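Going by full-length UniProt numbering, the residue at position 48 of the sequence shown is 48; the numbering climbs one at a time, nothing skipped. By construction, the Cβ of each residue, glycine as well, lies at the ideal position given by its N, Cα and C atoms. Just so it is clear, the structure is predicted and the values come from calculations on it, not from any experiment. Report on the structure given below.
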Amino acid sequence: MNILETPSIQETISRIFMNETENVTQLEGLERFFEVETQLMHEIHNLEKDRAKETLRELIDMLALHAGKDIIRTVRNYYIILSSVMARKLYEMRVPPKKAFAFNAACVELVDKHMNDSEFMYVADELIEFFTSIISERKQPSFGHQTVNKVVIFINDEVERDLSVEEIAKHFNISTSHLSRIFREHAGITLVEYLNVRRVEESQYYLRHSNKGISEISKQFHFCNQSYFTRIFKKYTSVTPKQFRDSQHIPYFRYTLPNAK
1 MNILETPSIQ
11 ETISRIFMNE
21 TENVTQLEGL
31 ERFFEVETQL
41 MHEIHNLEKD
51 RAKETLRELI
61 DMLALHAGKD
71 IIRTVRNYYI
81 ILSSVMARKL
91 YEMRVPPKKA
101 FAFNAACVEL
111 VDKHMNDSEF
121 MYVADELIEF
131 FTSIISERKQ
141 PSFGHQTVNK
151 VVIFINDEVE
161 RDLSVEEIAK
171 HFNISTSHLS
181 RIFREHAGIT
191 LVEYLNVRRV
201 EESQYYLRHS
211 NKGISEISKQ
221 FHFCNQSYFT
231 RIFKKYTSVT
241 PKQFRDSQHI
251 PYFRYTLPNA
261 K
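Pasting the structure below:
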């Protein structure tokens with residue numbers, strides 16, 4: 001075949017589209033796929049983590065009916081598509097663009113690292129954990145002081161910066177003593193404690209899904225040294241960073257502000 005006879009990309013896509021249209025019309029239940037996917041998005045948005053995991057399994061079962069022996073590639077591609085959809089929704093929720101982009105990249109790396117015959121359901125659970133964690137950061141806090149609510153969102157957005165109480169106070173044009181007082185009064189913990197909590201929560205993903213050393217992750221989240229990182233990490237999770245990294249069965253630590261309404 002010479003170059004003039006080579007089908008264009010548009011022709012190739014059209015041919016595949018027509019073939020796939022004929023194939024899927026022979027399968028039952030596909031009309032429910034997008035309904036179930038909409039249900040999944042609703043559950044993630046409302047932080048219904050366990051329900052979302054079950055709903056994603058239902059979607060995978062539907063995909064398996066169509067994929068046959070090619071299920072791993074099909075599900076892998078769907079995970080990546082789903083991650084991109086979630087990144088767009090995060091952007092619409094006013095997550096900073098760099099964080100929404102990094103979220104998508106992290107999901108793709110997770111899929112690339114773990115997607116195989118034995119772990120593709122594990123990947124589904126990890127994605128739901130990640131999705132709901134990031135969404136929870138964007139839920140507007142409902143404390144009785146608007147500055148405290150804004151501080152919580154600010155920390156969630158900038159958790160990888162070397163934030164201090166002084167810098168946060170300067171950002172909101174209030175004194176450090178006033179900020180520390182109102183934060184503890186309304187949030188139930190000190191501002192320094194909340195900074196450490198958020199750093200521990202975020203560091204879990206790098207421990208489990210990156211090849212970075214523990215000391216490098218400690219520096220990334222601005223702990224003064226690895227020993228201090230280990231002590232703070234164990235304080236909130238009851239395990240060391242190494243133990244968390246070595247066992248996929250240890251659940252993620254999630255902190256709920258005690259005075260949140």
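query: C-alpha distance - Ile9 paired with Leu163, whole-angstrom precision; result: 50 Å
query: Of the residues Lys113, Ser83, Leu40 and Leu63, the one placed nearest Thr74, counting alpha carbons only; result: Leu63
query: Closest Cα partner of Phe103 within the set His42, Asp50, Arg245 and Ile81; result: Ile81
query: Ala124 vs Leu56 beta-carbon contact at 9 Å; result: yes
query: Where His249 sits in the DSSP three-state scheme; result: coil
query: Length of the line joining the Cα atoms of Val148 and Val197; result: 16 Å
query: Proximity test, Phe223 beta-carbon vs the ligand NAP heavy atom, cut-off 8 Å; result: By its list of ligands, the structure shown contains no ligand whatsoever, and the ligand NAP lies outside what it can speak to.
query: Residue burial classification, Lys98 (beta-carbon count within 10 angstroms, cutoff 16); result: exposed
query: Contact under 9 Å by Cβ, Arg199 with His222; result: yes
query: Own chain partners of Lys219 with C-beta closer than 7 Å, once the 5 adjacent residues on each side are dropped; result: none
query: Extent of the continuous alpha helix (DSSP H) run through Arg57; result: Lys49 to Ala67
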